[in-house]
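Quick notes on the structure that follows.
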Amino acid sequence: MAWTKLSSVSLTSDATSLDSDSFEGYKSLWVQIFLPKAVAYLRFNDDGSAVYNRKRSEDGGSWSQSLGINELRLDRNSSETQWINCWIVNVNGVEKFGILQTISNNANGASNAPKRQEYIFKFTPTALITKVNLLYSGSTNLASGTELNVYGDND
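The numbering of the sequence shown is the working numbering, which starts it at 22 and goes up by one.
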């Protein structure tokens, strides 16, 4: 695969949201997110309706399921730093499927192991994803230094 950078945006001050630039539809999307501190939601194409379904596991534990939700909640504590990678099958005319993995520092110090979360999800609209939205959750804004990068591939 030859990934093409479609959007690269970051915050220089705290904010309630960070949106990618709009981009053309690609068959495969790779989304990278760096959250210095926040609990965040992920949406596609500005769609906040109940069109997201997800299963989530933490540190290899049992899976929990959420159906008909308004966004994909990235469940970690607001004080933790997170690095997120997300791969999406983005074929026109069918529901979108994705895998999302996140690692967070859990707590500072050598005696604290990092946390790992895995998600599988679907976004039920059949139109191509052409924009990624990152929104804060709760009382903590997205912090300065938050980054959102989107790559696409048609191979």
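C-beta: ideal position from N, C-alpha, C; glycine also. All of these numbers come straight from a predicted model, not from anything done at the bench.
| Query | Result |
| --- | --- |
| Would you check if there are 3 or more beta carbon pairs closer than 8 Å linking the segment 103-114 to the segment 75-92? | no |
| Can you tell me whether DSSP reads Y47 as helix, strand or coil? | coil |
| Under 7 Å between the Cβ atoms of P57 and A128? | no |
| Given 8 Å as the limit, is there contact between the segment 138-150 and the segment 26-42, that is, 3 or more CB pairs closer than that? | no |
| Going by DSSP, what residues sit across from D174 in a beta bridge? | S49 |
| Expressed to the nearest angstrom, what Euclidean distance is found between the alpha-carbon atoms of D174 and K117? | 15 Å |
| Rounded to a whole number of angstroms, what is the C-alpha to C-alpha distance between K76 and T33? | 32 Å |
| Spatial neighbours of I124 within its chain, please: C-beta separation below 6 Å, excluding the five flanking residues on both sides. | W104, P135, R137 |
| Please tell me whether G114 and F142 are closer than 7 Å, where the distance is taken between their beta carbons. | no |
| Determine the DSSP secondary structure at G81, reduced to helix, strand or coil. | coil |
| How many angstroms separate the CA atom of L121 from the CA atom of F65? | 14 Å |
| Hey, quick one: how far does the beta strand (DSSP E) through K143 stretch, first residue to last? | 136-144 |
| For the beta strand (DSSP E) containing S41, name the first residue and the last one. | Per DSSP, S41 belongs to no beta strand (DSSP E) and is neither H nor E. |
| If we ignore side chains and look at the alpha-carbon of each, how far apart do T145 and N126 end up? | 32 Å |
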